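Taking it in order: structure first as structure tokens, then the write-up.
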Amino acid sequence: MIYDVIIIGAGAGGLTAGLYSSRRNLKTLVISKDLGGQTAIATEIENYPGVLGQPNGAKLMQDFKKQAISFGAEIKLELVNSIEPPAPPALSLSNGSNDSGFVVKTEKEKYETKTIILAFGLSHRELGVKGEKEFAAKGVAYCATCDAPFFKQKTVAVVGGGNSGLDAAELLSGIAKKVYLIHRGESFTAESVLQKNIQKAENIEVLLNSEIKEIKGQTKVESIIIANAKEKEIKVDGVFVQIGYAPKTDWLKDLVKINQKGEVITDENCRTSHPGIFAAGDVTDAPYKQIVISAGEGAKAALQAYDYIKRNGGLNKETPDWGRNK
Amino acid sequence: MQLTDQNFDSEVLKSDVPVLVDFFAPWCGPCQMMGPIIDELTEELKDKKLKLAKLNVDESPKTAGKYNVMSIPTIIIFKAGEPTETLTGVQNKEELKKKLEELVNN
Numbered sequence: 512m513i514y515d516v517i518i519i520g521a522g523a524g525g526l527t528a529g530l531y532s533s534r535r536n537l538k539t540l541v542i543s544k545d546l547g548g549q550t551a552i553a554t555e556i557e558n559y560p561g562v563l564g565q566p567n568g569a570k571l572m573q574d575f576k577k578q579a580i581s582f583g584a585e586i587k588l589e590l591v592n593s594i595e596p597p598a599p600p601a602l603s604l605s606n607g608s609n610d611s612g613f614v615v616k617t618e619k620e621k622y623e624t625k626t627i628i629l630a631f632g633l634s635h636r637e638l639g640v641k642g643e644k645e646f647a648a649k650g651v652a653y654c655a656t657c658d659a660p661f662f663k664q665k666t667v668a669v670v671g672g673g674n675s676g677l678d679a680a681e682l683l684s685g686i687a688k689k690v691y692l693i694h695r696g697e698s699f700t701a702e703s704v705l706q707k708n709i710q711k712a713e714n715i716e717v718l719l720n721s722e723i724k725e726i727k728g729q730t731k732v733e734s735i736i737i738a739n740a741k742e743k744e745i746k747v748d749g750v751f752v753q754i755g756y757a758p759k760t761d762w763l764k765d766l767v768k769i770n771q772k773g774e775v776i777t778d779e780n781c782r783t784s785h786p787g788i789f790a791a792g793d794v795t796d797a798p799y800k801q802i803v804i805s806a807g808e809g810a811k812a813a814l815q816a817y818d819y820i821k822r823n824g825g826l827n828k829e830t831p832d833w834g835r836n837k
Numbered sequence: 009m010q011l012t013d014q015n016f017d018s019e020v021l022k023s024d025v026p027v028l029v030d031f032f033a034p035w036c037g038p039c040q041m042m043g044p045i046i047d048e049l050t051e052e053l054k055d056k057k058l059k060l061a062k063l064n065v066d067e068s069p070k071t072a073g074k075y076n077v078m079s080i081p082t083i084i085i086f087k088a089g090e091p092t093e094t095l096t097g098v099q100n101k102e103e104l105k106k107k108l109e110e111l112v113n114n
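Line order of the protein sequences matches chains F and S.
When the letters of the first sequence are read in order and numbered with our numbering, they come out as residues 512 to 837.
When the letters of the second sequence are read in order and numbered with our numbering, they come out as residues 9 to 114.
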């Protein structure tokens with residue numbers, strides 16, 4: 512089977528793209544490693560217009576998902592490993608036959624599609640040290656609001672000198688027995704209010720000019736090796752990595768143009784440098800990382816994908832916007 | 009079904025059928041994405057010889073601690089009183105279903 516559009520990412524941008532493309536009766540598949548993206552871990556949403564009562568982000572994303580599925584979008588939770596573009600001269604899209612579309616490969620499957628929308632947002636940065644992957648979910652955590660309560664009366668390290676690092680350290684200082692706040696710079700970059708709160712907390716020990724070299728343990732995190740002037744080992748039960756978010760686009764750099772920040776470059780119509788590949792939301796170079804903007808861009812990208820297929824004669828049949836599948 | 013530290017032994021460890029346990033907390037966003045998937049599977053697999061259950065880690069910290077749950081959502085599948093598989097993060101509904109169907113057919 513050949514999809515009309517495969518959307519990579521299931522946050523505000525990807526799910527809205529899924530809604531719009533399925534409402535255009537395009538055969539739509541959303542592939543994502545998780546559901547709801549960064550919005551799903553936001554505690555209260557106060558700025559999504561028309562939605563009152565400060566729903567949490569997960570509730571909002573649950574509704575986005577339901578709405579997309581109700582018009583026929585399929586959702587699969589898989590990690591995409593690669594996209595293979597059609598071989599040149601490319602793109603005779605008619606009926607999607609003669610395997611002229613893209614092949615999206617995940618860790619498990621291969622999917623064929625006429626168009627692609629990149630909407631996988633930003634991923635948390637990783638330390639890239641030994642033990643980090645091995646102990647993920649076994650003491651190494653990336654979401655303080657999610658995992659902090661597992662460290663009641665324990666000792667934890669927080670890595671990061673920006674807002675998210677200091678936020679996490681403050682949150683954890685109220686839960687854990689002891690918090691090491693590790694930052695490789697000389698001073699924090701976080702807002703001054705946060706810095707003051709950190710100074711006030713008695714159980715936070717600040718380690719500046721320091722980096723984690725290794726995370727060690729048997730079946731879960733037991734200690735870290737810290738390096739500044741010299742190396743030392745500190746016993747900890749958990750490591751919270753809070754060094755910000757970045758687009759994970761290395762794997763795409765031979766396919767679409769990427770800017771210095773790693774963002775996918777798009778024009779005002781969500782088109783990337785590669786025909787048939789569109790992009791929306793936080794993964795793009797469009798300014799302002801906001802739920803409502805990602806949703807709007809997702810809609811735009813889906814409509815662009817529809818026009819692209821139509822122009823190339825690949826539409827199965829013309830269906831109006833209100834053609835609800837069920 | 010809701011599990012607690014109190015009924016975990018009788019409902020899971022001494023269960024005659026395999027049990028899927030969804031470790032969650034109400035404040036955890038990704039868990040709220042997982043919860044409805046578990047509800048749907050409970051309905052779709054209700055004729056099968058297995059149980060699907062949820063355990064609130066806030067209310068039942070002992071059990072969560074015993075199985076080293078340090079990140080949620082975590083799903084652990086128990087068979088004959090032993091954990092046979094641990095999955096962290098939001099899981100694919102269809103895959104989870106396939107896994108459970110294979111488990112009861114074997």
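Note that the Cβ used here is the ideal one computed from N, Cα and C, for glycine as well.
Just so it is clear, the structure is predicted and the values come from calculations on it, not from any experiment.
(request) Tell me where the beta strand (DSSP E) around Ala868 (chain F) begins and ends. (result) It is not possible to answer for residue 868 (chain F), since the shown part of chain F is limited to 512 through 837.
(message) Please tell me whether, using a cut-off of 6 Å, the distance from the CB of Cys654 (chain F) to the nearest non-hydrogen atom of the ligand NAP is below it.
(response) No copy of the ligand NAP occurs in the structure displayed, which carries no ligand at all.
(request) Using a Cβ-Cβ cut-off of 7 Å, state whether Asn609 (chain F) counts as contacting chain S. (result) Its pLDDT being 43, under 50, Asn609 (chain F) is placed unreliably in this model, and the coordinates cannot settle the point.
(request) Identify each residue in the stretch 26-37 of chain S for which the Cβ-Cβ distance to at least one residue of chain F is less than 9 Å, and report them in chain order. (result) Shown in chain order are the members of the stretch 26-37 of chain S whose Cβ falls below 9 Å from a Cβ of chain F: Ala33, Trp35, Cys36 and Gly37.
(message) Does Asp30 (chain S) come out as helix, strand or coil in the three-state DSSP assignment?
(response) strand
(message) For Asp748 (chain F), which residues in the same chain have their Cβ closer than 7 Å to its Cβ, ignoring the five residues on either side in sequence?
(response) Shown here for Asp748 (chain F): same chain residues with a beta carbon closer than 7 Å to its own, the five before and five after excluded, namely Gly650, Phe662, Lys665, Thr666, Val667 and Val732 in chain order.
(message) So Gly548 (chain F) and Ala523 (chain F) are supposed to be a Cβ contact under 8 Å. How far apart are they, rounded?
(response) At roughly 7 Å, the Cβ-Cβ gap stays under 8 Å, so Gly548 (chain F) and Ala523 (chain F) are in contact.
(request) Would you decide whether Tyr799 (chain F) is buried or exposed? Buried here means 16 or more other CB atoms lie within 10 Å of its CB. (result) exposed
(request) Assign Ala88 (chain S) to one of two classes, buried (16 or more other C-beta atoms within 10 Å of its C-beta) or exposed (fewer than that). (result) Ala88 (chain S) comes out exposed.
(request) Could you check what DSSP says for Pro91 (chain S) in three-state terms: helix, strand or coil? (result) strand
(message) Quick check: is the beta carbon of Thr50 (chain S) nearer than 7 Å to any beta carbon in chain F?
(response) Judged by the 7 Å Cβ criterion, Thr50 (chain S) is not in contact with chain F.
(request) Throw me the rounded Cβ distance for the Val750 (chain F) and Val670 (chain F) pair, which I believe falls under 8 Å. (result) 7 Å
(request) Identify, in the order they occur along the chain, each residue of the same chain with its Cβ nearer than 7 Å to the Cβ of Pro600 (chain F), setting aside the five sequence neighbours on each side. (result) Its pLDDT being 46, under 50, Pro600 (chain F) is placed unreliably in this model, and the coordinates cannot settle the point.
(message) Between Ser79 (chain S) and chain F, is the shortest Cβ-Cβ distance under 7 Å, so that the two count as touching?
(response) yes
(request) Have a look at Ile45 (chain S) and Thr626 (chain F) and give me their C-alpha separation to the nearest angstrom. (result) 28 Å
(request) Using a Cβ-Cβ cut-off of 7 Å, state whether Gly650 (chain F) counts as contacting chain S. (result) yes
(message) With a threshold of 7 Å between beta-carbons, can Asn836 (chain F) be considered close to chain S, or not?
(response) Because the pLDDT of Asn836 (chain F) is 48, which lies under 50, any placement of that residue in the model is unreliable, and the number read from its coordinates should be weighed accordingly. With 7 Å as the cut-off, Asn836 (chain F) does not count as an interface residue toward chain S.
(request) Check the Cβ-Cβ distances between Thr92 (chain S) and every residue of chain F, and say whether any is below 7 Å. (result) Judged by the 7 Å Cβ criterion, Thr92 (chain S) is not in contact with chain F.
(request) Starting from the C-beta of Lys538 (chain F), find all residues in its chain whose C-beta is less than 7 Å away, skip the five residues before and the five after it, and write them out in chain order. (result) Tyr514 and Asp515
(request) Assuming Ala790 (chain F) contacts Ala812 (chain F) (C-beta within less than 8 Å), just tell me the rounded distance between them. (result) 7 Å
(request) Alpha carbon to alpha carbon, how far is Ser684 (chain F) from Thr96 (chain S)? Give it in angstroms, no decimals. (result) 25 Å
(message) Counting C-beta neighbours from all protein chains within 10 Å, is the total for Glu808 (chain F) 16 or more, i.e. buried, or is it exposed?
(response) buried
(message) Assuming contact is defined by CB atoms lying nearer than 7 Å, are Arg535 (chain F) and Tyr817 (chain F) in contact in what I supplied?
(response) yes
(message) Which residues in chain S have a C-beta closer than 9 Å to the C-beta of Asp545 (chain F)? List them in chain order.
(response) Pro38, Met41, Gly97 and Val98
(request) Would you list the one or two residues that DSSP bridges to Ala757 (chain F)? (result) In DSSP, Ala757 (chain F) forms a bridge with F:Ser634.
(request) Check whether the stretch 777-792 of chain F touches the stretch 704-712 of chain F, counting contact only when three or more Cβ pairs, one atom from each stretch, lie closer than 8 Å. (result) no
(message) Quick check on Ile83 (chain S): does DSSP put it in helix, strand or coil?
(response) strand
(message) Less than 7 Å between the C-beta atoms of Val752 (chain F) and Leu638 (chain F), yes or no?
(response) One thing to note: Val752 (chain F) has its Cβ within 7 Å of the Cβ of Leu638 (chain F).
(message) I need the DSSP call for Asp515 (chain F), collapsed to helix, strand or coil.
(response) strand
(message) Taking CB distances under 7 Å as the criterion, tell me whether Gly568 (chain F) reaches chain S.
(response) yes
(request) Could you tell me whether the Cβ of Gly524 (chain F) comes closer than 7 Å to any Cβ of chain S? (result) no
(request) Identify each residue in the stretch 63-75 of chain S for which the Cβ-Cβ distance to at least one residue of chain F is less than 9 Å, and report them in chain order. (result) Val65, Asp66, Pro69, Ala72 and Gly73
(message) What would DSSP say about Gln771 (chain F), mapped onto helix, strand or coil?
(response) coil
(message) Please state the DSSP three-state secondary structure of Glu681 (chain F).
(response) Secondary structure at Glu681 (chain F): helix, using DSSP grouped into helix, strand and coil.
(request) Answer with buried or exposed for Ala655 (chain F), where buried requires no fewer than 16 other C-beta atoms within 10 angstroms of its C-beta. (result) It is buried - the Cβ of Ala655 (chain F) has at least 16 other Cβ atoms within 10 Å.
(message) Just checking: is the beta-carbon of Ile552 (chain F) within a distance shorter than 7 Å of some beta-carbon in chain S?
(response) yes
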